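Residue numbers (this note's numbering): 104 to 360.
See the structure below:
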C-alpha cells in the first residue's frame, strides 16, 4: 500500500509539475507579446510626435508644393529664375508656335541705280541722295518723277576707245578731256564741246526703268548732230547695250546733280 500510494503521489506530482511548467511558459509568451506590442506602440507614437506640418505639408496640395520645391532644389533652379524659365518654356512650346503668325511688310518701292561711278566719291554721295545704291532684291523698282522740273530729255549716242578720236581724225584714243582714262568699265559720259564747263559734274541718266549715276569726263563734236550726251561703255552696258552700234542713238532722260 505504501508503495502504491507513493507511486500515485509521484504521478500526481509529475502532472502538477507539467501543468506548472506550461503555465509559466504561457506567462512568458504573454509577457513577450505584450512587450513587442508596447515597443511598436511607443515607436509609432514617437513618429507621430515628430511630424512638422510646416515642413512636410498638410494635404495633397502642400505635399505637391514640397515635391516641386525639392525638384527645383535638386536641379539648382532658384526662385528668381521662375519667370524666365516660364518664358523659355512658352517659347519652346510647339502648340504656341502653331498658333502664332508673323506679318512681314513688303519693301517700299525704290529708285535703284544699276551702275554708279564709284571712282568718283561725289557720284556716290549724290547718287545716294537721289536713289538707292543697294536696294533689297524684292523691293519694287520705280522711275524718277520727270515732271519735277529738274529733268531734261534728249538723244544720246555711245562711244568706246575704238570710236574715240582726238578731234583731228585720230581714233583709238584711250584718254578723255578730263585726263581720266576711257575703258570698258568707265561709268562716264561726254558732253558737247560747247558745254566743257560741265566737266567733273555728276549726271543722272534714266533709260526706260534703269538709272545710272555717271561723271562727265569728256567732250565731243556730236552736239551739231542734236545729241545731248555720248555714253561711255560702263553706261551703255548698264543700260542694256553691247556696243556703240548696238546702242545707236536712243532717247533718254538726264539731269546734272
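The beta carbon of each residue, even a glycine, is placed where N, CA and C say it ideally should be.
Being a predicted model, the structure only gives us computed values, none of them experimental.
- Nearest to residue 257 by alpha-carbon distance, out of 138, 325, 341 and 211, is 325.
- By the neighbour-count criterion, in which a residue is buried when 16 or more other Cβ atoms sit within 10 angstroms of its Cβ, residue 137 is exposed.
- It is roughly 16 Å from the alpha-carbon of residue 357 to the alpha-carbon of residue 321.
- The residue among 304, 139 and 335 with its C-alpha nearest the C-alpha of residue 260 is 335.
- Collapsing the DSSP output to three states places residue 273 in coil.
- By the C-beta density criterion, residue 132 is exposed, having fewer than 16 other C-beta atoms within 10 angstroms.
- In the displayed model, residue 358 falls within a strand according to three-state DSSP.
- The three-state secondary structure of residue 236, taken from DSSP, is coil.
- By the Cβ neighbour-count rule, residue 134 is exposed, with fewer than 16 other Cβ atoms within 10 Å of its own.
- In the DSSP assignment, residue 337 falls within the alpha helix (DSSP H) that extends over 336-341.
- Assigned with DSSP and collapsed to three states, residue 137 falls in helix.
- With 16 or more neighbouring CB atoms inside 10 Å of its own CB, residue 342 falls in the buried class.
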